[in-house]
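The structure under discussion appears below in the form of structure tokens.
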Amino acid sequence: MTNLQALQFRQSLKQWTFKAIDESEWLPATVPGTVHTDLLDNGKISNPFYGTNEKDVQWIDKKDWEYITTIDVEENVMNHSHIELVFAGLDTYAEVYVNEQHVLSADNMFRTWRADVKPYIQLGANHIRIHFRSPIMEDLPKLEALGYGLPATNDQSEVGELGDKRVSVFARKAPYHYGWDWGPRFVTSGIWREAELVAWSDVRIENVYIRQNQVHAESADLTAVVQIYSEQERQVNLRVYADGQNWEQIVTLAEGTDAVQIPLTLNNPKLWWSRGLGDAYLYTFTVEVLEQNQTLAVKSERTGIRAIRLVTEPHPDYPGTSFYFELNGVPVFAKGANHIPNDSFSPRVTLERYRHEIVTAVESNMNMLRVWGGGIYENDEFYDLCDEYGILVWQDFMFACSMYPGDEEFLDSVQAEAEDNIRRLRNHPSIVLWCGNNEIDSAWSQYVEDGGWGWKKDYNAEQRTQIWADYEALFHELLPEVVQTEHPGISYWPSSPIVAVTNNEKQHTHGITDSGDIHYWGVWHNSEPFERYNTYIGRFMSEYGFQSFPEYKSVRTYAEESDLELESEVMLRHQKNGAGNRLIKEYMDKYLPAPKDFPSFLYMSQVLQAEAMKTAIEAHRRRKPYCMGTLYWQMNDCWPVASWSSMDYYGRWKAVQYYAKRSFEDILISIDQSVSGKVDIHLVSDLIAPKSLTVRVKVLGLDGTLYKEMPQSLTLAGGEAIKVLSVTTEQLLGDVHPAEAILVAELEHEDQLIHTEIAYFVSAPELALQQPHLQIVETEVDGVVAYQLTTDVLARQVWLSSENEGIFSDNFFDLIPGVTKIVQFKKLQTLQEVEEAAHSHVESNIVQKPVPHLPHFVPAKPEGLQIQSMADFIHLS
Ligand code: BMA
């Protein structure tokens, strides 16, 4: 193959400076970036995440900003017949000038923008200027012209000093920039993704799509859909290579852009599997355009070969219709979480941070993330990692909790946005669903007069008709059509949650429905007890959640010692859900002993959240195959805050992350105490192969004395969920006092203990906790430092922490006297270490090969290891 360099020239635009339009001093800027982060880097604003600083930076979004740079263009570039400026993301209303000639108007943050600059570029220095108009000033007139506001529940216009003028819905811009119930309001502007000068001549491959028509174990029937631009009509040879196979076809290219289809058959393809089911094998397909053996253009795309189907069908055993993903013929129980952007200023998210999130998902035994509609279509790296690690992606379009306009200009913009993003992402095998929006169908509730969030009553009949017509045009017509055209074979789901598009009152997910997906927020928003998770179960639980606080170390990054009380101004700034603190306190009073001070409250809030999520996840999994998915709200944070996240902004695992890891194990043993006076033991398998197991149920005293033991051996079929034991509390306890007993369910495979579940017969406040004396002995397992933990009396919620960042093999677990627990630590690799590993990888491999997993966590010794348990955080009586 010829040198790629000669075929196409690419140079990223660096060395930008910026200023507010009404100022004169140009300051250095980082691209990709945002105005906010550039002001921060130049010392013009203080850290917006700290204290109450959020309110002091609200002026930024009311101004226009300019970015300039100079690019030197040499003869070899000038000689190309095409020279373009390509912006992978402009946020949001931007005019681009080259040597003061206007070349582009942009108005949608999610689009890729290209400008033909050949006529304006000159040899030597060229001046590039981008003028960003204030997204607020741009959209206020649209609100005025409409004459009434559209619902936008999470738009914190008041924080932005705009009163009730919510303009977020008019901008095709990340909804969370305007604030959310876990997020601050930073309405950014800037060149938020790569900006490049690209030049080429003659022929260019614009897009390669490896369409998967039919995939079976024996063969995969694929089509390479190749979009090629040619300056003239010509006959060329098109060659496609993958994994040692190649295909060739002679085609006639028309002048201009042409789409060429090359059928490809892969025999015995190595299939792509999600985590837990098999290897996530990836192929790299390279397309080459040749003319008389001369390479004119070449382009590679990586993809995985898999058959994917969203199955929504009736089943004789259950009412309603199913909702599950079938991968290569295997029904997949989806386990995971909802993903939000990793930063309020998303250009700051490094590859390392993406790796941290995806590796955390893998370490937590997940197989799916939902890219939620209030954020961004994520960077390529996010999906690359999901491809590599076998994490399925439920992909929302970026619409959430609001009603949107439906005028032609808006719809055209959304159409282009959907096309750009689907074309960018459709080769990722991880993407298994496109979903129209988050919660809008149920919030508006067109067919149930007093259903939903009460939005409809604010509008007259005419306005209501218009708003719903706009909704349907977008989510029932435009978006499904684009998905059908651009990504055939992948399902479109109009809104999460929805029962199905029925155009009557059965459409919306209100209450427990036996079709479609469900967001269940009765626990939390409606103060319903955790126990309700045991019965509020549908076919696919795509959202449910419970808040907690970040750990002390993280809180101290935004609050001083003197701010450390729940209702301080600083703490309230970092609790965006109005009822949040009250709810945490209410539930904590009910389920846990009272924390002794503020740091203890932080710890206890994490235990509380973890208990809630465990109840939900395990109840959902026990109902397999009726229920086939559980995605808790939410995986991550975009700043340090009290929220529903399982790891905080700094990537620190909260208690719930460790709980999720256990509750998502591919073989689950679950203790169900939801029926009073009864104990049921369930086993759930998410594996394909059967497994021989022994379940050992024990009743112990708080000092470790064994009172009862009930062993049982069985073979658990692949994919099966069964109840293995059902006993009364009386049978288990005999004479033992319920407050003095521990219920243990051990799971063994081939004489190896693979999991221990612990439960109690009374609630946590009723357990007579004593101060445990935890013993810790350093040892080695497989050449890596490990710790043996033992205790004299029951230790609840043992929390290991270290000064260096990383994760423990287990954490927030109960320790029983007489049992030795072994834990290990893995430290997080720094970005530099990851990069060094990546470079040595690039040098030693050819691009064709899938990137192997570079370790993100490496076994290490924790620094300043601390070990505490619940007794340290409460007043012991
Ligand atoms: C769901 C999500 C988010 C929100 C969360 C917590 O509705 O879709 O909009 O942050 O609940 O309230």
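Position 760 of the sequence shown, counted from 1, bears residue number 760 in UniProt numbering, the numbering being contiguous throughout.
Even glycine gets a Cβ: it sits at the ideal position worked out from N, Cα and C.
query                                                                                                                       : result
Identified DSSP bridge partners for Val-393                                                                                 : Leu-369 and Ile-431
Contact set for Lys-335: own chain, Cβ-Cβ below 7 Å, skip 5 residues either direction                                       : Asn-365, Met-366, Asn-367, Met-368, Thr-630 and Phe-664
In DSSP terms, what residue 951 is bridged to                                                                               : Residue 951 cannot be examined here, being either before or after the span of the chain that is shown, 1 to 877.
Beta strand (DSSP E) runs wholly inside the segment 100-166, at least 3 long, in chain order                                : 101-106, 113-116 and 124-133
7 Å CB neighbourhood of Ala-125 in its chain, flanking five on each side removed                                            : Thr-70 and Asp-72
Distance cut-off 8 Å: Gly-629 Cβ against heavy atoms of the ligand BMA                                                      : no
Buried versus exposed, by CB contacts within 10 Å (16 or more), Glu-439                                                     : buried
Sequence ranges, beta strand (DSSP E) only - wholly within the segment 657-737, length at least 3                           : 667-672, 678-685, 691-701, 706-716 and 721-728
Proximity of Thr-188 and Asp-91 at Cβ, strictly below 9 Å                                                                   : yes
Alpha carbon of Ile-846 to alpha carbon of Asn-246, nearest angstrom                                                        : Residue placement at Ile-846 is flagged as unreliable, the pLDDT there being 35, under the threshold of 50; a coordinate-derived value is accordingly withheld.
Proximity winner among Ser-344, Arg-662 and Lys-678, relative to Glu-684 (alpha-carbon distances)                           : Checking the sequence shown, residue 684 turns out to be Val, not Glu. When each option's Cα is compared against that of Val-684, the closest is Arg-662.
Proximity to Thr-257 [Cα-Cα], best of Asn-237, Gln-232, Asn-268 and Val-236                                                 : Gln-232
For Gln-156 and residue 878, the rounded distance between their alpha carbons                                               : With the chain covering 1 to 877 only, the question about residue 878 has no answer from this structure.
Contacting residues, own chain, Cβ-Cβ under 7 Å from Val-260 (five flanking each side not counted)                          : Val-226, Ile-228, Leu-238 and Val-251
Gly-522 versus Thr-30: straight-line alpha-carbon distance, rounded                                                         : 44 Å
Gln-5, DSSP secondary structure in three states                                                                             : Legend: pLDDT at Gln-5 = 49, less than 50; position of this residue unreliable, no value from coordinates given.
CA nearest to the CA of Pro-640, picked from Arg-573, Met-604, Met-588 and Tyr-632                                          : Arg-573
Same chain only: Cβ atoms within 6 Å of Tyr-404, ignoring 5 sequence neighbours per side                                    : Val-169
Where Gly-522 falls: helix, strand or coil (DSSP)                                                                           : helix
Three-state class that DSSP yields for Pro-765 in the structure shown                                                       : helix
Exposure of Leu-714, with buried meaning 16 or more beta-carbon neighbours within 10 Å                                      : exposed
Val-483: first and last residue of the uninterrupted alpha helix (DSSP H) it sits in                                        : 479-486
Separation of Ala-660 from Asp-703, as counted between CA atoms                                                             : 28 Å
Cut-off 7 Å between Cβ atoms - residues of its own chain near Glu-843, not counting five sequence neighbours on either side : Because Glu-843 sits at a pLDDT of 43, beneath the cut-off of 50, its placement in the model cannot be relied upon, and the following sentence gives the value as read from the coordinates. Closer than 7 Å at the Cβ level, and outside the excluded window around Glu-843, lies no residue.
Glu-863 and Leu-828 closer than 9 Å at C-beta                                                                               : no
Whether Asp-22 touches Ser-134 by CB criterion (9 Å)                                                                        : no
Whole-angstrom distance between Ala-88 and Lys-849, CA atom to CA atom                                                      : Note on Lys-849: pLDDT 34, under 50, position unreliable in the model; no value is reported.
Proximity of Lys-118 and Leu-140 at Cβ, strictly below 9 Å                                                                  : no
Opening and closing residue of the beta strand (DSSP E) in which Asn-267 lies                                               : 256-267
Residues near Thr-820 in its chain [Cβ-Cβ closer than 6 Å; skip 5 each side]                                                : Gln-788 and Thr-790
Rounded straight-line distance, which links the Cα of Ile-722 to that of Gln-752                                            : 21 Å
Backbone secondary structure at Ser-844 - three-state DSSP                                                                  : In this predicted model, Ser-844 has a pLDDT of only 40, less than 50, meaning its place in the structure is not dependable; the value taken from the coordinates is given anyway. Three-state result, Ser-844: helix.
Asp-181 CB to nearest heavy atom of the ligand BMA below 8 Å                                                                : yes
Close beta carbons around Tyr-626, own chain, < 6 Å, minus the five adjacent residues each side                             : Tyr-318
Gln-866 classed as buried or exposed, judged by whether at least 16 other C-beta atoms fall within 10 angstroms             : exposed
DSSP beta-bridge partners of Gln-606                                                                                        : Answer by DSSP bridge pairing: none, since Gln-606 is not bridged.
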